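Undergrad:
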Amino acid sequence: MLPGINTYSYPPDAEGQNLAGTFYLDVATGRIEWSEELFQIHGYSPGEVVPTLDLLLAHKHPQDREHIRRIFADLCSGGGRQTMFHRVIDSRGHQHQVLTAVEACEESGTITGMRGFTVDLSRSVESANRRAADEAIRGTYASREVIEQAKGIIMGLRGGTPEQAFSFLAARSQDSNIKLATLAAQLVVAAGQGKAREVLGGWQARKRQLDRTP
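Each residue of the sequence shown is one higher than the last, beginning at -14 in the working numbering.
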C-alpha cells in the first residue's frame, strides 16, 4: 500500500469483496510499484514479475490499450488526474473489469511519476448482472401468471376460449396504451375486490366509444 493512499471495497455479496490496490509509476524508468492486490488482479504472486509500464499495457484489453496509452501520455505532458473504467486480461487469460484513478506527481515543474489505485469491479458487475437476469426471469414468469389469471376471469365472465380472452385483453391494452401485464394485474386485483364485472363493463364501454369515433 502506498503512503497517503488508502483503498476500501465493500463486500457486495457472499462471494467476497472486490480487490483494490495501489500503484506508483516512475516516469524516468518506467518501473511500477504494485501493492499485493495489484499483483493478484494481474494474476501474479507478489514478486513474481517486475511491474513496468510495458507489462501494464500488455495486460490491458486490446480495445482499451491505445486509449490508456494516450491517457498516460497526456498525464506525462500536462499533469492532472484521470479516471478510467477498463478491462485487464490477467496472466491466466481471465478478464477483469477495473476502475483506475491516477494522478501525476510533479517536482519543480517536472512530472516525475504517477500514483493511484485500481479497484477490480468484476465481482460486483457479475453479481449485478446475475441479479438483473434473475429479476427479469421472475418478472417474466410473474407477468405470465397474472395474464393467465386475467384470461381465466375474462372467460368466466364473458365465455369464449383462452385465445379469445387473450385477444380481448390485448385489444384493451392497445386501446388504453397500458402494458398487457399491468392491465391484467388491474383485472386480477378488481376480481379480488368483487369488481371484475364492473371493470370489464368499463373496458367494453370504452371499446364501443372508440368504435363510434370517426
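Heads up, the beta-carbon is just placed ideally off N, CA and C, and yes, glycines get one too. Being a predicted model, the structure only gives us computed values, none of them experimental.
Which residue comes first and which comes last in the alpha helix (DSSP H) that contains Asp39?
TA: Where Asp39 is concerned, the enclosing alpha helix (DSSP H) stretches over Leu38 to Ala43.
Undergrad: To the nearest whole angstrom, what separates the beta carbons of Gly101 and Glu88, a pair I think is in contact under 8 Å?
TA: That pair is a contact at about 6 Å.
Undergrad: Using a threshold of 8 Å, state whether the C-beta atoms of Gly98 and Leu41 are closer than that.
TA: In this structure, Leu41 does not lie closer than 8 Å to Gly98 by Cβ.
Undergrad: Taking His81 as part of the beta strand (DSSP E), name the residues at either end of that continuous run.
TA: Counting along the chain, the beta strand (DSSP E) containing His81 begins and ends at Gln80 to Glu92.
Undergrad: With distances taken between CB atoms, is the gap from Val83 to Ile17 smaller than 8 Å?
TA: No. Outside cutoff.
Undergrad: Classify Leu43: buried if its beta carbon has 16 or more other beta carbons within 10 angstroms, exposed otherwise.
TA: It is worth fixing the name first, because residue 43 is Ala in this sequence and not Leu. Classification for Ala43: exposed.
Undergrad: Three-state secondary structure (DSSP) at Val34?
TA: Val34: coil per DSSP, three-state reduction.
Undergrad: Helix, strand or coil: how does DSSP classify Gln189 here?
TA: Of the three classes helix, strand and coil, the one that applies to Gln189 here is helix, per DSSP.
Undergrad: Kindly list the residues whose CB is nearer than 6 Å to the CB of Pro(-12), restricted to its own chain and excluding five residues on each side of it in sequence; keep chain order.
TA: At Pro(-12), the pLDDT of 48 sits below 50, so the modelled position is not reliable; the number obtained from the coordinates is stated separately. For Pro(-12), where only same-chain residues beyond five positions count, there are no Cβ hits under 6 Å.
Undergrad: Could you tell me the alpha carbon to alpha carbon distance between Ile74 and Asp160, rounded to whole angstroms?
TA: Using only the alpha carbons, I get a separation of about 52 Å.
Undergrad: Compute the beta-carbon to beta-carbon distance between Leu185 and Ile139, rounded to the nearest angstrom, for a pair I have assumed lies under 8 Å.
TA: The pair is a contact, with the Cβ atoms about 7 Å apart (cut-off 8 Å).
Undergrad: Taking the alpha helix (DSSP H) that Leu165 belongs to, which residues open and close that run?
TA: Leu165 to Gly177 is the span of the alpha helix (DSSP H), which, as asked, contains Leu165.
Undergrad: Return the chain-ordered list of same chain residues with a C-beta closer than 6 Å to the C-beta of Gly64, the five sequence neighbours on each side being excluded.
TA: Cβ neighbours of Gly64 beyond the five flanking positions: Ala89, Glu91 and Ile96.
Undergrad: Out of Gly177, Phe70 and Thr85, state which residue places its alpha-carbon closest to the alpha-carbon of Gln134.
TA: The option with the nearest alpha carbon to Gln134 is Gly177.
Undergrad: Excluding the 5 residues preceding and the 5 following Leu38 in the sequence, name in chain order all residues of the same chain whose CB lies nearer than 6 Å to its CB.
TA: The answer, listed in chain order, is Gly15.
Undergrad: How would you label Glu3, buried or exposed, when you count the other beta carbons within 10 angstroms and need 16 or more for buried?
TA: The question names Glu, but residue 3 is Asn in the sequence shown. Buried.
Undergrad: Quick check: what's the CA-CA separation for Glu148 versus Thr167?
TA: Roughly 19 Å between the two C-alpha positions.
Undergrad: Let's see if you can read the secondary structure: which residues bound the beta strand (DSSP E) around Leu10?
TA: Run containing Leu10: Ala5 to Asp11, per the beta strand (DSSP E) assignment.
Undergrad: Based on the DSSP secondary-structure assignment, which residues constitute the bridge partners of His27?
TA: In DSSP, His27 forms no bridge with anything.
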